[in-house]
Each structure stands twice: as C-alpha cells, then as structure tokens.
Amino acid sequence: MKRTMIYLPEQTHQWLRKLAFEANTSIAELIRQAIDIVYGEDIEDIQDMEEELAKYRAHPESAIDLERYLRQRKVHVST
Numbered sequence: 000m001k002r003t004m005i006y007l008p009e010q011t012h013q014w015l016r017k018l019a020f021e022a023n024t025s026i027a028e029l030i031r032q033a034i035d036i037v038y039g040e041d042i043e044d045i046q047d048m049e050e051e052l053a054k055y056r057a058h059p060e061s062a063i064d065l066e067r068y069l070r071q072r073k074v075h076v077s078t
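Given below as structure tokens:
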C-alpha cells in the first residue's frame, strides 16, 4: 500500500470523522472504500487492457483485423 496525502474541505473532514466513528473504522478506510466503489470497475478495465496488450506484444502475429473479428463474432457493421 502506498501513502498519499489529500486536502479535504473542513466540512467534508468533519462528516468523514463522524462516519468513521460510527463505522468503527478510519477516515482512510472510508476513502479507500469510496475509491473502490467509484473507480473499481475502471481500474479492472485498465488491468484487463494491459493484460491483452502484453499478450499482443508477446505474440503480435495473433492479431486479426477488425472485419475478421466482427465476422467471427457475427456482428454486422454497415459501411
């Protein structure tokens, strides 16, 4: 885990303190959970794209053009 510092408006910090107290957790944990909820899917998408790019870089000959891909998927594209 990496450490980072953020600046919050006073009111936001006060609300987070109350929420953290009620949830018996830390403000940092609340922020981590919020980031996971808001950006979790985007982060997973980026990781998936990076994995696919690594596969392509390792085996560029495996790439196919878009029209062939769509034919394999039986997707009709009007041109």
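For the sequence shown, numbering that gives the first Met the number 0 begins at 0 and goes up steadily by one. In this text, a Cβ means the ideal position worked out from N, Cα and C, and glycines have one as well.
For Leu-7 versus Leu-29, is the C-beta distance shorter than 8 Å?
No, these two residues do not count as a Cβ contact at 8 Å.
Roughly how many angstroms separate the alpha carbons of Gln-32 and Thr-24, rounded to a whole number?
11 Å
So for Met-4, helix, strand or coil by DSSP?
coil
Classify Ser-61 as helix, strand or coil using the three-state DSSP reduction.
helix
Over the uninterrupted alpha helix (DSSP H) stretch that includes Glu-24, give me the two end residues.
The question names Glu, yet the displayed sequence has Thr at residue 24. That residue, Thr-24, is in no alpha helix (DSSP H); it is neither H nor E in DSSP.
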